[in-house]
Structures are given as structure tokens and as C-alpha cells.
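Written out below as C-alpha cells is the structure these notes cover.
Residue numbers (this note's numbering), protein chains in the order written: chain A, 1189 to 1423; chain B, 999 to 1272.
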């Protein structure tokens, strides 16, 4: 059974269709790049998978279930937004995650807190956006989840921070787990993907394994440019 | 999971409530000093401050309930709340239980403060507070139809139950109103505005139902010797003290159950986190 399965999924905002009857499936144990320019429906697709958007037609399943407590227990989700309450301190956030997720590694979280140079008693309110994002990344990567869904973790940060984030993700995800990482910044991450899904104009434009796609010296970035240039011209 | 939700919800809301209860504690200590040294000029000032704190407790409790349902579910924090491995109904139950705890604490606090202020002002004019309170109680006891001590306790329990039913229904009206305000249909409007409109509609509906229920002679009569059911017009006319019509409160219990199920359903199936 596929770990991620989407069947005839459609989602629109008013008259604007962002996902138009798309279907695909991915097996587990790989790193999947969810690629597309801004506004191509990546975040909507992710929000449907994790259960934050409920009004859609078609099906979106993780491990055979549409978003429910079972899927939420196995998915470690990193949204674009900072979502921790203002009053929380780093230690409170760690305790919170330890309370709700059986796969959360508290000792690892405290070790990473030190490595990330985040003051344990500092409140979220008094943290910079960068510090908050670091803390959220830490919380997500300290879970031994079956599936990591990371929504634009590299957006809006400088190249050094991008390298740090990628390194954290690659070092901390358990062997055999799956990562679905959405981004529009292909250049920095293309080496890590096993498969890619390119979406745009509501449709799946490319779904392939990287080794099938990158032949004759072509990179994912080349394919991306080719596909989106084409897709944007014909639509 | 419900226990964990309650624990974390309590931690979250305690932050907004902590300050006002601490202020009340400090003021209480000041009032004791004022009373001990009979500094009459400060008595009025401290009394006004305590009344203000009692009012603040009620306002902050209400604000905290609204914030707990609106901000932490449908704002950015919804990304955290709605991705926890719990059902929508568990989320709602956790928030409702904690809201009920805070409402109860606030009610008890307000009652204790009111009783304390009475004693405080009696103590201002007399040294024998206990004797004055006893004579007021004796006067009430001598009035016709005033319940005996055992019935008084039962009556107090009845009042507490009624207040809890009303508080529970109020919390469910708030949670339902905010859930409706955050559905796709209303998301383009200000959620607080839509929430207030939905709440007002529910409130008017409840008032009409309660007024209608008062016409039906079904209630509880508090007599000198106990609490009895009063059913039928003849039974209502029999008592010195008019019985309390309870059909309206029964309606609030039914309304609470319906709103709980409806809100849980909206949260599970109709909410899109922006």
C-alpha cells in the first residue's frame, strides 16, 4: 500500500481552482520533492494531507487513512507559519510535544536545544522569527515519525541558514522514514530527492523518480525550468 | 489524550488569569492591614479596588474563553491544535472543561469577595462582627417561609447546579458561534463580528424558549422544610414562595448537547485553517 495516495483531488478558492482532479501515489522510505512556483497549490495539497483543509473533493490518504488521529500521530508536520503560543518557552514546547507524540525524543530535543543555541527559558514572544523557526524545526525533527511533511522549510532564509536546515533534516530523520518537502528553491535541495512531484495550474506536471528524470546530465532544476516554462506558456 | 489536552489548556489559560488573582491576593493582604489598624480613609479605596478586581476577573474569564476557542483553534495556533493526534470533539471537550473550571473559580471568587466585603464593612463599624452576622441570620430565620438550615444547603446546591448549567450553555454558545464564524462561508468576514452575531441569535432564541418555558408550571419549590417538585398550576399556587420554573434550564441542557455535537462536527469537517 502506498504511504501517500491522492485520488481525483480537487480544491478551489471561489472560482480559482488550485488542484484540479489530481491523482498520484508514493511508496514510503524516500525523500519526495513537492515542487512548483509560488501559488501552484503545494501548501493547499499539504494542508489537505495533514487535515487543516477539509472542504475538497476526492481523496487524500496517508497510510490508507484520510487525516485523522492515526495519520496525525505518524506525521511530523512543519508549516510555513510560526504556530507556537506566545507564552510558551522552549522547555514548555518540548514538554507539549512529548505529551502528545509518543514518538517524540525528549532527550534529543534538549540536546538539540543546546546545539541550536536556543535559551530554554526564553518565551516565544521574545524570540526572533528565525529563532521560532529553529525551534519548530527542532520539535519536528525530534520526532521519530514515519512521515515528515515540511512546507517550504527553506523559504525566506539566507543560504547559510538553508544549509543548516537541510543538514538538520538529513541528520535527524530516522532511516526508512519518508520526507515530503515542498519548495520552489530547487537549486539548494535537488541532490537529496529520490522522487519529485511537480504541480502547477492545478495539475500534476511531473511525477517521477529522480534517476528516471535526470538522464544525460540533466538536473531537476533543468527539468523544473523546462516544465514550468512550458506549463506557464500553454496555460 | 483528553487529560493531556486539559493539562495543557489549563497551563495556557492560567497565564492570563494568574495576574488578576495575584492582584486580588495582594489587595486582600492590604485590606487586612487596613482593617487591623482601622485606617478608615483607605477602606473605601481598597473596597472599590476589590470590586474592580472582582469585575476584572469575570471580564478576563470571558476574554480567556473567547481567546481559547478563537485564537488557539482558528488562528496560527490552529496549525498546532488541529495537527495533534486527537479528534475535534476531544479538542472541544478539553477546552470546555477548562473553561468550566475557570468560570467556576471566577464565580466562587466573586461570591467570596462579596461576602468578604460585607464582613469588611461590618468590621469597619463594629468590633463584634460575628454577633452582627448572627443577628442578621436570626432575623432572616424569623421571616415566614424562610428555609431551615438543611434546606438552605440544598437550595445553595440547586443554585450552584443552575449556575453551572447556565455557564456550560454559555461556553457551548461561544464555541459554536466561533466555529461557525470560521467556516468557509463566513471566513471572509471578521470572525469576532460573525461570532457575536451568531451568539446574539442563539441568545435571543434561548430567551424566547425560556420565556415560553416559564408559562409551563413545572418547577422546584423551596419550602421551609425542604425542596419539592411543583408540577401543574395548582401545585404552583400552593406555595408561599413561587417555585423556580426549571423547564428553561432543561432546555439549556438540551441546547448544550446539540451545540457540542454541532461544534465538534464543524471542527472535524468544515474548518479550513488559514
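For each residue, glycine too, the CB sits at the ideal point set by N, CA and C.
State the Cα-Cα distance for the pair residue 1015 (chain B) and residue 1107 (chain B), rounded to the nearest angstrom. Approximately 12 angstroms between the Cα atoms of the pair.
Go through its chain and collect everything with a Cβ distance to residue 1292 (chain A)'s Cβ below 7 angstroms, but skip five positions before and after it. Correct list, in chain order: 1285, 1286, 1330, 1331.
If contacts are defined as beta-carbon pairs under 8 angstroms, then residue 1250 (chain A) and residue 1199 (chain A) qualify, I think. What distance do you get, rounded to the angstrom? That belief does not hold up - the Cβ atoms of residue 1250 (chain A) and residue 1199 (chain A) are roughly 17 angstroms apart, past 8 angstroms.
Measuring straight from C-alpha to C-alpha, what distance separates residue 1059 (chain B) and residue 1226 (chain B)? Going by the C-alpha atoms only, they are around 35 angstroms apart.
Give the single residue among B:1032, B:1042, B:1031, B:1090 whose Cα lies nearest to the Cα of residue 999 (chain B). Of B:1032, B:1042, B:1031, B:1090, the residue nearest in Cα terms is B:1090.
Any C-beta of chain A under 8 angstroms from that of residue 1002 (chain B): Closer than 8 angstroms to some Cβ of chain A, the Cβ of residue 1002 (chain B) qualifies, so yes.
Straight-line Cα distance separating residue 1113 (chain B) from residue 1120 (chain B): Computed Cα separation, rounded: 11 angstroms.
Suppose you measure from the CA of residue 1063 (chain B) to the CA of residue 1348 (chain A); what does that come to, to the nearest Å? Rounded to whole angstroms, residue 1063 (chain B) and residue 1348 (chain A) show a C-alpha spacing of 42 angstroms.
Residue burial classification, residue 1199 (chain B) (beta-carbon count within 10 angstroms, cutoff 16): Classification of residue 1199 (chain B): exposed, given that the 10 Å Cβ count is below 16.
Can you tell me which of the three DSSP states residue 1015 (chain B) falls into? Secondary structure at residue 1015 (chain B): helix, using DSSP grouped into helix, strand and coil.
Using the Cβ count rule (16 or more neighbours within 10 Å means buried), how would you classify residue 1050 (chain B)? Residue 1050 (chain B) comes out exposed.
Report yes or no: do the stretch 1256 to 1268 of chain B and the stretch 1084 to 1103 of chain B share at least 3 C-beta pairs separated by less than 8 angstroms? Judged by pairs of C-beta atoms under 8 angstroms, the stretch 1256 to 1268 of chain B touches the stretch 1084 to 1103 of chain B, as three or more such pairs exist.
Quick one: what's got a C-beta closer than 6 angstroms to residue 1072 (chain B)'s C-beta in the same chain, skipping five residues either side? The residues are 1180.
Can you find a C-beta in chain B that's less than 8 angstroms from the C-beta of residue 1240 (chain A)? Judged by the 8 angstroms Cβ criterion, residue 1240 (chain A) is in contact with chain B.
Any idea what DSSP makes of residue 1422 (chain A), helix, strand or coil? Because the pLDDT at residue 1422 (chain A) is just 47, under 50, the model does not fix this residue reliably, and the point stays unresolved.
Which residue from A:1262, A:1395, A:1381 puts its Cα closest to that of residue 1387 (chain A)? It is A:1395 whose Cα lies nearest to the Cα of residue 1387 (chain A).
Does DSSP put residue 1184 (chain B) in a helix, in a strand, or in coil? The answer is helix: DSSP assigns residue 1184 (chain B) an H, G or I state.
Might you give, ordered along the chain, the residues of its own chain that have their beta carbon closer than 6 angstroms to the beta carbon of residue 1068 (chain B), omitting 5 neighbours on each side? Excluding residues up to 5 positions away in sequence, 1176 lie with their Cβ nearer than 6 angstroms to the Cβ of residue 1068 (chain B) in the same chain.
Note down the Cα distance separating residue 1085 (chain B) from residue 1003 (chain B), rounded to an integer number of angstroms. For residue 1085 (chain B) and residue 1003 (chain B), the gap between their C-alpha atoms comes out near 11 angstroms.
Chain-ordered chain E contacts of residue 1074 (chain B) [CB-CB under 8 angstroms]: Structure shown: chain E not included; protein chains present are A and B.
Between the Cα of residue 1019 (chain B) and those of B:1030, B:1065, B:1100, B:1076, spot the shortest distance and give me the residue it belongs to. When C-alpha distances from residue 1019 (chain B) are compared across B:1030, B:1065, B:1100, B:1076, the shortest belongs to B:1100.
Quick check on the burial criterion: 16 or more other C-beta atoms within 10 angstroms. Buried or exposed for residue 1235 (chain B)? With a 10 Å radius around the Cβ and a threshold of 16 neighbouring Cβ atoms, residue 1235 (chain B) comes out exposed.
Does the beta carbon of residue 1341 (chain A) come closer than 8 angstroms to any beta carbon on chain B? No, no contact with chain B.
Against residue 1010 (chain B), what residues of chain A qualify as contacts under a CB-to-CB distance less than 9 angstroms, listed in chain order? The contacting residues are 1273, 1275, 1276.
Can you tell me the Cα-Cα spacing of residue 1373 (chain A) and residue 1250 (chain B), whole angstroms? For the pair residue 1373 (chain A) and residue 1250 (chain B), the Cα-to-Cα distance works out to about 55 angstroms.
DSSP has residue 1158 (chain B) in a bridge; who is on the other side? Partner(s): none; residue 1158 (chain B) has no beta bridge.
Spatial distance of residue 1314 (chain A) from residue 1264 (chain A) (CA atoms): Rounded to whole angstroms, residue 1314 (chain A) to residue 1264 (chain A) spans 25 angstroms at the Cα level.
Residue 1389 (chain A) - containing beta strand (DSSP E), residue span: Looking at the DSSP string, residue 1389 (chain A) is not in any beta strand (DSSP E), and its letter there is neither H nor E.
Taking all protein chains shown into account, do 16 or more other C-beta atoms lie within 10 angstroms of the C-beta of residue 1403 (chain A), making it buried, or fewer, making it exposed? With a 10 Å radius around the Cβ and a threshold of 16 neighbouring Cβ atoms, residue 1403 (chain A) comes out exposed.
Determine, for residue 1080 (chain B), whether the minimum Cβ-Cβ distance to residues of chain A falls below 8 angstroms. Yes - at least one Cβ of chain A is within 8 angstroms of the one on residue 1080 (chain B).
Could you pull the DSSP bridge partners for residue 1221 (chain B) from this structure? Under DSSP, residue 1221 (chain B) takes part in a beta bridge, and its partners are B:1224.
For chain B, check one thing: does any of its Cβ atoms lie closer than 8 angstroms to the Cβ of residue 1288 (chain A)? Yes, contact with chain B.
Can you say whether residue 1260 (chain A) is buried or exposed, counting buried as having 16 or more other CB atoms within 10 angstroms of its CB? Its Cβ being crowded by 16 or more others within 10 Å, residue 1260 (chain A) is buried.
Residue 1220 (chain A) - containing alpha helix (DSSP H), residue span: No alpha helix (DSSP H) holds residue 1220 (chain A); the beta strand (DSSP E) holding it covers 1219 to 1223.
Flag this pair as yes or no: are the beta carbons of residue 1178 (chain B) and residue 1187 (chain B) separated by less than 8 angstroms? No; because the gap between Cβ atoms is not below 8 angstroms, this pair is not in contact.
Bridge partners for residue 1243 (chain B) per DSSP, in chain order? Checking the DSSP bridge columns, you'll see residue 1243 (chain B) partnered with B:1217.
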